[in-house]
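Asks:
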Amino acid sequence: MNVLIAEPDAAYRSFVRRTLEREIDLVLVAEAADGEQAVRLAQQLKADVVLMDLDLLGVDGLEATRRITAELPRTKVIVLGALNGESHRNVAVGFGAEAFLAKGGPIPELLSAIRQGYLRTLCREMIDSAR
Numbered sequence: 001m002n003v004l005i006a007e008p009d010a011a012y013r014s015f016v017r018r019t020l021e022r023e024i025d026l027v028l029v030a031e032a033a034d035g036e037q038a039v040r041l042a043q044q045l046k047a048d049v050v051l052m053d054l055d056l057l058g059v060d061g062l063e064a065t066r067r068i069t070a071e072l073p074r075t076k077v078i079v080l081g082a083l084n085g086e087s088h089r090n091v092a093v094g095f096g097a098e099a100f101l102a103k104g105g106p107i108p109e110l111l112s113a114i115r116q117g118y119l120r121t122l123c124r125e126m127i128d129s130a131r
């Protein structure tokens with residue numbers, strides 16, 4: 001699975017990069033530091049999953065999520081935020097996110113969300129092709 005991370009904090013991007021490098025089925029294809037770059041890279045690379053921080057410069061994470069999911073319905077966006085609450089989750093999903101996770105939460109939860117988002121895409125494609 002090809003993963004793009006959109007995160008303004010270089011240290012957190014590095015942490016995610018190292019985490020994904022240990023996973024045989026996950027490949028970090030690009031890193032973006034702001035919302036415009038995230039949208040542009042998602043369009044160019046057609047990543048399977050985008051890990052999207054809420055607090056991006058320029059175009060914020062929610063607007064970038066809306067743009068990516070509107071143009072690339074196959075790409076799943078997982079929004080990462082400093083606060084984990086139902087209201088944040090609902091807002092993110094309303095903008096097209098597949099999931100909302102607390103930034104710095106358990107690594108297995110993040111990896112599971114990435115894989116589940118991708119598997120949902122594959123299942124939908126299989127169902128659509130069978131019709």
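This note's numbering numbers the first residue of the sequence shown as 1 and each following residue consecutively. In this text, a Cβ means the ideal position worked out from N, Cα and C, and glycines have one as well. Nothing here was measured: the structure is a model prediction, and the numbers come from that model.
#1: Return the chain-ordered list of same chain residues with a C-beta closer than 6 Å to the C-beta of Asn2, the five sequence neighbours on each side being excluded.
#2: Would you identify the three-state DSSP class for Glu125, choosing helix, strand or coil?
#3: When you compare only the Cα positions, how much space is there between Thr65 and Leu101?
#4: Within a Cβ cutoff of 7 Å, which residues of the same chain sit near Ile114, ignoring the five residues on either side of it in sequence?
#5: To test your reading of the DSSP string, which unbroken alpha helix (DSSP H) runs of 4 or more residues are found completely within the stretch 12 to 90?
#6: How long is the line joining the alpha carbons of Gly96 and Lys103, rounded to whole angstroms?
Replies: According to the data block:
#1: Excluding positions up to five away in sequence, the list reads Val27, Val29, Ala47 and Asp48.
#2: Of the three classes helix, strand and coil, the one that applies to Glu125 here is helix, per DSSP.
#3: Those two C-alpha atoms are separated by around 14 Å.
#4: These residues qualify, in order along the chain: Met1, Val3, Leu26, Val49 and Ile78.
#5: Within the stretch 12 to 90, the complete alpha helix (DSSP H) runs of at least 4 residues are 35 to 45 and 61 to 71.
#6: In a straight line, the C-alpha of Gly96 is about 18 Å away from that of Lys103.
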